[in-house]
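These notes are about the structure you will find just below.
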Amino acid sequence: MELHEALISSQKGDTDCVIEVESSIDSNATFHRIQLCAPPTSSALYHDRSIFYREGFILSLTLEDGSIGYGEVCSLFPSVRCGLEMAILNAIAMSHGSSLLNILYPLRERTEEKSENLASIRICALIDSSGTPEEVARIAVDLVEEGFTAIKIK
Numbered sequence: 001m002e003l004h005e006a007l008i009s010s011q012k013g014d015t016d017c018v019i020e021v022e023s024s025i026d027s028n029a030t031f032h033r034i035q036l037c038a039p040p041t042s043s044a045l046y047h048d049r050s051i052f053y054r055e056g057f058i059l060s061l062t063l064e065d066g067s068i069g070y071g072e073v074c075s076l077f078p079s080v081r082c083g084l085e086m087a088i089l090n091a092i093a094m095s096h097g098s099s100l101l102n103i104l105y106p107l108r109e110r111t112e113e114k115s116e117n118l119a120s121i122r123i124c125a126l127i128d129s130s131g132t133p134e135e136v137a138r139i140a141v142d143l144v145e146e147g148f149t150a151i152k153i154k
């Protein structure tokens, strides 16, 4: 319960928390490689589809009460922090027999309109900036027409 209270306090006070954990990374992380059907950008440098993949780790975290949470990370630090936070929050939700949404935003604090917005998941499109400005703009327009509300240009 201390971790849950620390996270709620951190969220309300706009502060960060330091959490001390015991760890055995070898037994709590699983390497995975996901085959992609297309390159991770909008233009292909190579045409051999067998070389397109995404690598990462699935972390598992167990709380004292036996609740387990999972998070996905890759080698970039923000991803590690996000994956660890994902695992912690999922474990807390599991320990309460609830969803992550209900842990972060208890029902009594949500209006119906807010609840609908919180439950939706928006996916960001990614554009490779190696084309001409006109090509990149055309791709962006196509993505917006497909329903994307956020686009990142790499």
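Numbering (the UniProt record's numbering), first residue to last: 1 to 154. Note that CB positions come from ideal geometry on N, CA and C, so glycine has one too.
| Check | Outcome |
| --- | --- |
| Indicate the three-state DSSP secondary structure (helix, strand or coil) for E55 in the structure shown. | strand |
| What separation, rounded to the nearest whole angstrom, lies between the Cα atoms of L126 and V141? | 13 angstroms |
| DSSP puts E72 in a beta bridge; with which residues? | I58 |
| Could you pull the DSSP bridge partners for A125 from this structure? | I151 |
| Measuring straight from C-alpha to C-alpha, what distance separates M86 and S60? | 10 angstroms |
| Do you know how far the Cα of I34 is from the Cα of M1? | For M1, the predicted structure reports a pLDDT of 49, less than 50, and the residue's modelled location is therefore unreliable. A value from the coordinates is still provided. Approximately 36 angstroms between the Cα atoms of the pair. |
| Of the choices P106, R81, S98 and I103, whose alpha-carbon is the least far from that of I58? | R81 |
| Cα-Cα, which of P78, A93 and L101 is closest to L63? | A93 |
| Within a Cβ cutoff of 7 angstroms, which residues of the same chain sit near G83, ignoring the five residues on either side of it in sequence? | L59, G71, E72 and V73 |
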